[in-house]
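Undergrad: The structure is given below, and queries will be raised subsequently.
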Amino acid sequence: MSVNAPEIAPSAGRLRAAALADLGGLRDRHGVHFRPSMRRRILAIGIPLVLIALAIFAMVVLNFSLVRILNGLHRLGQFAILMMPPEPQGRFVAFSIALGETLGIAFLGTLVAAVLAFPVAFLAAKNVIPNIFAHFAVRRAFDVIRSVDTLIWALMWINVVGLGPFAGVLAIACSDFGSFGKLFSEAIEATDGKAVEGVTASGGSKLHQVRFGLLPQVLPVIASQVLYFFESNTRSATIIGIVGAGGVGAYLTELIRVLELQQVAFLILMILVTVAIIDFISSKLRLAIIGKAKIV
Amino acid sequence: MATAIPVLPAGQAKALDDAYQAAVSARRLRTLMVLGIIVVLILISANLAHVRPLTLFGNIGNFGSFIGKTIPVLTFGNFFADMREWYWNFPKWLGLLGQTILIAYLGTFMGAIVAFCLCFLASANLAQSRWTRIVARRFLEFCRTVPDIVFALIFVIAFGLGPMAGVFALSIHTVGALGKLFAEVVENIDMKPVEGMSAAGANWFQTIRFAVLPQVLPGFASYSLLRFEINVRGAGVMGFVGAGGIGQEFLVAIRNFYYTDVSAILLMIIATVILIDLGTEQVRHRLIGIGEHR
Chain S
0 MSVNAPEIAP SAGRLRAAAL ADLGGLRDRH GVHFRPSMRR RILAIGIPLV LIALAIFAMV
60 VLNFSLVRIL NGLHRLGQFA ILMMPPEPQG RFVAFSIALG ETLGIAFLGT LVAAVLAFPV
120 AFLAAKNVIP NIFAHFAVRR AFDVIRSVDT LIWALMWINV VGLGPFAGVL AIACSDFGSF
180 GKLFSEAIEA TDGKAVEGVT ASGGSKLHQV RFGLLPQVLP VIASQVLYFF ESNTRSATII
240 GIVGAGGVGA YLTELIRVLE LQQVAFLILM ILVTVAIIDF ISSKLRLAII GKAKIV
Chain Y
0 MATAIPVLPA GQAKALDDAY QAAVSARRLR TLMVLGIIVV LILISANLAH VRPLTLFGNI
60 GNFGSFIGKT IPVLTFGNFF ADMREWYWNF PKWLGLLGQT ILIAYLGTFM GAIVAFCLCF
120 LASANLAQSR WTRIVARRFL EFCRTVPDIV FALIFVIAFG LGPMAGVFAL SIHTVGALGK
180 LFAEVVENID MKPVEGMSAA GANWFQTIRF AVLPQVLPGF ASYSLLRFEI NVRGAGVMGF
240 VGAGGIGQEF LVAIRNFYYT DVSAILLMII ATVILIDLGT EQVRHRLIGI GEHR
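So the sequence lines, in the order shown, correspond to chains S and Y. For the first sequence, numbering that gives the first Met the number 0 gives the first residue as 0, with consecutive numbering after it. For the second sequence, numbering that gives the first Met the number 0 gives the first residue as 0, with consecutive numbering after it.
What follows is the structure, given as structure tokens:
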């Protein structure tokens with residue numbers, strides 16, 4: 000039989016037919032492969048059983064009730080009808096300004112976090128600071144900062160600078176400081192040590208090593224991570240207004256509370272479009288940055 | 000060791016120097032332009048976001064005193080009584096923390112099941128038709144772009160206050176996020192077992208079960224655990240909109256200036272998140288290890 004590419008599909012069909020016709024024979028001849036292994040079977044049944052049992056336990060503890068679910072679904076259906084057609088009802092300008100505010104919060108928050116985390120990340124990198132206690136302490140500090148949610152940071156900053164978008168900027172800056180610190184220090188550790196050795200060999204100081212040996216390697220990585228976080232912060236900044244820290248979230252909470260669902264639907268659509276545009280621009284930029292890094 | 004570095008003739012050195020200066024100045028110009036654009040964007044967004052550095056500098060002391068006030072009085076002589084006073088509501092907070100973890104678990108579990116069913120439809124190599132793939136992909140995109148807390152706001156009104164709204168909100172977001180990652184795992188599989196199964200007479204479901212699942216399960220489990228970590232953080236703030244968990248208690252404490260309660264609850268949240276991160280990290284490393292041995 001010839002093995003030209005176009006003939007593969009029909010031959011597979013023929014093989015399949017032959018295999019199906021001879022199924023009993025196959026079973027007899029290759030019994031071992033048809034029989035299941037005991038240990039795997041126990042795992043395959045046991046793990047899902049444990050997971051499902053835990054889920055049922057959770058449902059009981061969290062007061063799940065079929066009646067409430069059905070009622071809720073019914074009400075969601077009504078909401079969906081009330082949302083149609085999405086309409087700004089004369090508040091398009093106000094929504095746009097709030098969205099602009101949201102983008103401003105995301106941009107500034109990301110930038111402040113990156114600028115602050117950049118120098119500190121060097122302290123957490125093994126290849127820059129060989130002292131194990133220093134980078135262990137800095138890393139744990141990053142972990143603690145990271146594990147506090149943006150909304151919690153926002154609540155704390157509101158106590159300091161008052162309600163408004165500025166608290167949102169500081170909240171995003173704080174929670175991203177932890178994430179950036181971790182990511183940047185990992186990027187620094189992943190660099191090739193040869194460039195630093197080269198700078199040392201030609202008489203460079205410690206500062207020269209970082210500037211000419213490390214920076215050119217890490218900057219593209221860092222820039223693309225910052226852009227990626229800007230994308231995700233656009234989403235976080237839309238909700239930060241829920242606790243009163245500026246942006247479009249304040250409208251969202253208020254309109255949902257008073258069931259102005261047509262405006263809610265319109266606002267959500269605006270958010271989706273904005274996020275899609277930001278995603279598009281920043282993924283283009285990221286590809287450009289990474290592409291350049293490969294050529295240079 | 001004495002080494003003499005030969006000096007280039009002046010003409011040759013000048014040509015090299017000029018070429019170097021030209022290259023560097025082109026790069027400098029580009030860097031300056033990028034910096035200029037960033038500065039303009041900073042000014043625009045600072046204006047939009049009402050940034051008031053003076054307020055910050057004026058009130059930065061408040062942050063210090065805020066943190067200071069949240070630190071409880073702990074004395075060596077009376078350590079246990081002080082601890083008891085700081086964590087005066089410990090059993091209730093612990094219960095709420097448990098509720099938070101259960102919300103995160105159930106949200107991840109339900110979301111992962113739906114994502115599991117949808118990812119085969121959304122993957123480029125196994126989808127039955129182009130249209131199911133496009134519809135599935137758009138649906139997943141919608142689920143992950145709307146923030147989970149927005150779903151929670153709507154669900155709190157539909158299902159009533161309580162953890163149920165939080166669970167559903169988290170699970171919808173999880174469907175979107177995990178569905179995309181799962182589909183990428185499925186797209187990266189080795190197609191030879193699939194061809195083998197189809198040649199041995201298997202239908203679509205049998206192919207998935209015996210040729211695809213063994214390859215993708217470690218990846219699926221690892222991503223689900225990662226999502227569980229993220230959802231624990233998410234469930235911690237669900238209470239801000241009344242969707243269950245410890246968030247409600249935290250909001251009350253911070254709004255009413257119960258300072259030591261704020262630090263007590265915050266420390267419990269941080270400890271839980273870090274413990275769960277460490278635990279899932281262990282399991283994930285083992286899972287990926289198993290995946291590599293196969």
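Heads up, the beta-carbon is just placed ideally off N, CA and C, and yes, glycines get one too.
Output, in chain order, the set of chain S residues within a Cβ distance shorter than 7 Å of T30 (chain Y).
TA: None at all; the shortest Cβ gap to chain S is about 10 Å.
Undergrad: Using 8 Å for Cβ pairs, my map puts N232 (chain S) next to A97 (chain S). What's the rounded Cβ distance?
TA: About 16 Å; that fails the 8 Å criterion.
Undergrad: What runs of the alpha helix (DSSP H), each 4 residues or longer, lie entirely inside the region 130 to 176 of chain Y?
TA: Segments of the alpha helix (DSSP H) lying fully in the region 130 to 176 of chain Y: 147 to 158.
Undergrad: Please state the DSSP three-state secondary structure of K125 (chain S).
TA: Reduced to three states, the DSSP call for K125 (chain S) is coil.
Undergrad: Does the beta carbon of T237 (chain S) sit closer than 8 Å to a beta carbon anywhere in chain Y?
TA: Yes, T237 (chain S) lies at the interface with chain Y (some Cβ there is under 8 Å from its Cβ).
Undergrad: Does any C-beta atom of chain S lie closer than 8 Å to the C-beta of V236 (chain Y)?
TA: With 8 Å as the cut-off, V236 (chain Y) counts as an interface residue toward chain S.
Undergrad: Leaving aside the five residues before and after V72 (chain Y) along the sequence, list all residues of the same chain whose C-beta is less than 7 Å from its C-beta, in chain order.
TA: Closer than 7 Å at the Cβ level, and outside the excluded window around V72 (chain Y), lie D81.
Undergrad: Counting along the chain, where does the alpha helix (DSSP H) carrying L125 (chain Y) start and finish?
TA: It is not in any alpha helix (DSSP H) - L125 (chain Y) carries neither H nor E in the DSSP assignment.
Undergrad: Runs of 4 residues minimum, wholly inside the region 223 to 293 of chain Y: which ones carry the alpha helix (DSSP H) assignment?
TA: Segments of the alpha helix (DSSP H) lying fully in the region 223 to 293 of chain Y: 246 to 254 and 258 to 292.
Undergrad: List the residues of chain Y that H142 (chain S) touches, going by C-beta distances under 7 Å, in chain order.
TA: Note on residue identity: the sequence assigns Asp, not His, to residue 142 (chain S). Within chain Y, the residues near D142 (chain S) are I273.
Undergrad: Hey, is the region 47 to 63 of chain Y in contact with the region 165 to 178 of chain S, meaning 3+ C-beta pairs nearer than 8 Å?
TA: Yes: at least three Cβ pairs fall under 8 Å.
Undergrad: Let me check understanding here. Comparing Cα to Cα, which of Y:I287, Y:V261, Y:L277 and Y:L286 lies closest to I70 (chain Y)?
TA: Answer by Cα proximity: Y:V261.
Undergrad: What does the alpha-carbon distance come out to for the pair L286 (chain S) and L102 (chain S)?
TA: Whole-angstrom Cα-Cα distance: 22 Å.
Undergrad: Are any of the Cβ atoms in chain S nearer than 8 Å to that of S44 (chain Y)?
TA: S44 (chain Y) counts as touching chain S.
Undergrad: Take L75 (chain S) as the anchor and find which of Y:D189, Y:G175, Y:L212 and Y:A151 has the nearest alpha-carbon.
TA: For the residues Y:D189, Y:G175, Y:L212 and Y:A151, the minimum Cα distance to L75 (chain S) belongs to Y:A151.
Undergrad: Rounded to the nearest angstrom, what separates L105 (chain Y) and T30 (chain Y) at their Cα positions?
TA: Cα to Cα, L105 (chain Y) sits roughly 49 Å from T30 (chain Y).
Undergrad: Taking only heavy atoms of the ligand ATP into account, decide whether any of them is closer than 7 Å to the Cβ of W203 (chain Y).
TA: Absent from the structure shown: the ligand ATP. Ligands present: none.
Undergrad: Would L225 (chain Y) and G178 (chain Y) qualify as a contact pair, given that the criterion is a beta-carbon distance under 8 Å?
TA: It is not a contact, given that the beta carbons lie outside the stated cut-off.
Undergrad: So for H29 (chain S), helix, strand or coil by DSSP?
TA: In this structure, H29 (chain S) counts as coil in the three-state DSSP scheme.
Undergrad: Flag this pair as yes or no: are the beta carbons of I275 (chain Y) and E228 (chain Y) separated by less than 8 Å?
TA: Yes, they are a contact pair.
Undergrad: Residues of the region 46 to 60 of chain Y with a CB closer than 8 Å to any CB of chain S: list them in chain order, please.
TA: Cβ contacts with chain S come from N46, L47, A48, H49, V50, R51, T54, L55, N58 and I59.
Undergrad: Can you tell which of S:L122, S:S146, S:I239 and S:A172 has its C-alpha closest to the C-alpha of A186 (chain S)?
TA: Of S:L122, S:S146, S:I239 and S:A172, the residue nearest in Cα terms is S:L122.
Undergrad: Reducing DSSP to helix, strand and coil, say where I207 (chain Y) ends up.
TA: Helix.
Undergrad: Over the uninterrupted alpha helix (DSSP H) stretch that includes W87 (chain Y), give me the two end residues.
TA: No alpha helix (DSSP H) contains W87 (chain Y), which DSSP labels as neither H nor E.
Undergrad: Whether or not the region 251 to 265 of chain Y and the region 82 to 90 of chain Y are in contact is what I'm after, with contact meaning three or more pairs of Cβ atoms, one per stretch, closer than 8 Å; do they touch?
TA: Output reads yes: the region 251 to 265 of chain Y touches the region 82 to 90 of chain Y.
Undergrad: With a threshold of 6 Å on Cβ separation, who are the neighbours of Q88 (chain S) within its own chain once the five nearest residues in sequence on each side are excluded?
TA: Once the five neighbours on either side are set aside, the close Cβ partners of Q88 (chain S) are Q262.
Undergrad: So V145 (chain Y) contacts chain S; which residues on that side make the cut at Cβ distance below 7 Å?
TA: Here the neighbours are I267.
Undergrad: Going by the beta-carbon positions, is the gap between I133 (chain Y) and M237 (chain Y) smaller than 8 Å?
TA: Cβ atoms of I133 (chain Y) and M237 (chain Y): not closer than 8 Å.
Undergrad: So the candidates are Y:F181, Y:F154 and Y:E280; which of them puts its Cα closest to the Cα of A121 (chain Y)?
TA: Checking every option, the nearest Cα to that of A121 (chain Y) belongs to Y:F181.
Undergrad: If you count every other CB in all the chains shown that lies within 10 Å of the CB of R254 (chain Y), and 16 or more means buried, which is it?
TA: So R254 (chain Y) ends up on the exposed side.
Undergrad: How many angstroms separate the CA atom of I280 (chain S) from the CA atom of T54 (chain Y)?
TA: Straight-line Cα distance between these residues: approximately 33 Å.
Undergrad: So, for R26 (chain S): in the same chain, excluding its five sequence neighbours on each side, which residues have a beta-carbon less than 8 Å away from its beta-carbon?
TA: The answer, listed in chain order, is F33.
Undergrad: Any C-beta of chain S sitting closer than 8 Å to the C-beta of S197 (chain Y)?
TA: With 8 Å as the cut-off, S197 (chain Y) counts as an interface residue toward chain S.
Undergrad: With C-beta atoms as the reference, is N58 (chain Y) less than 8 Å away from V242 (chain S)?
TA: No, they are not a contact pair.
Undergrad: What is the DSSP secondary structure of F7 (chain Y), counted as helix, strand or coil?
TA: Correcting the residue type first, residue 7 (chain Y) is Leu in the shown sequence and not Phe. Of the three classes helix, strand and coil, the one that applies to L7 (chain Y) here is coil, per DSSP.
Undergrad: Just to confirm before moving on: does the CB-CB distance between V274 (chain S) and T144 (chain Y) stay below 8 Å?
TA: Going by C-beta atoms, V274 (chain S) is nearer than 8 Å to T144 (chain Y).
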